[in-house]
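Residue numbers (our numbering): 71 to 279. Where is the CB? At the ideal position from N, CA and C, for every residue including glycine. What you are looking at is a predicted structure, and each value in this text was computed from that prediction instead of being measured. Down below is the structure, laid out as structure tokens.
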């Protein structure tokens with residue numbers, strides 16, 4: 071019973087680490103945002119330079135990441151009370167993700183160290199084999215109806231409609247097109263899939279050594 075509990079907690083730690091790591095890497099995928107701006111010609115559409123948009127984006131990222139920054143003040147965009155509240159909720163989710171990333175890393179490290187000692191990497195082969203299919207299913211849903219996934223994602227994480235931005239009161243949404251968030255979803259799923267495939271073959275190899 072003790073071994074089953076340890077395996078459950080250990081595998082959960084590994085999977086949570088993979089998920090939160092993929093999210094963290096996507097959050098910092100600034101080249102993806104730059105590409106989105108250029109590909110969809112956002113600077114021309116909003117009448118603002120590429121550099122100014124990036125400056126505002128960096129201010130937003132700093133607010134979302136640093137707990138000691140309490141107020142969101144964008145250089146070139148007004149922020150409504152509703153918009154500020156939504157970004158505050160996003161900030162809390164970002165910080166929660168980093169907290170889970172750290173805790174799951176500790177749990178995954180201790181569990182993997184234990185498996186190495188007892189030559190128990192075989193325990194991870196089947197879980198990773200099954201997990202490989204999850205990102206494929208999510209990508210299929212995304213390809214079929216991203217709008218539905220986008221709405222469900224927000225309804226799951228937020229118990230209000232503050233995420234429904236009005237471009238008149240919160241023009242920042244004009245430089246954060248929905249396509250950018252779609253690419254972020256894709257990147258998260260691709261990273262998770264890469265982690266699962268790499269882990270599967272690695273643990274399978276180590277289990278027969």
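{"Item": "Decide if the region 72-85 is in contact with the region 217-230; the criterion is three or more beta carbon pairs, one per stretch, under 8 Å apart.", "Value": "no"}
{"Item": "Look up residue 139 in the DSSP assignment and say whether it is helix, strand or coil.", "Value": "coil"}
{"Item": "Would the region 157-171 count as touching the region 121-141 if we require 3 or more Cβ pairs under 8 Å?", "Value": "yes"}
{"Item": "Alpha carbon to alpha carbon, what distance is there between residue 236 and residue 149?", "Value": "10 Å"}
{"Item": "The alpha helix (DSSP H) with residue 197 in it runs from where to where?", "Value": "195-201"}
{"Item": "Residue 130 to residue 144, Cα distance in whole Å?", "Value": "7 Å"}
{"Item": "Using the Cα positions of residue 258 and residue 221, report the straight-line distance between them to the nearest angstrom.", "Value": "17 Å"}
{"Item": "Nearest CA to the CA of residue 110: which residue from 253, 165 and 278?", "Value": "253"}
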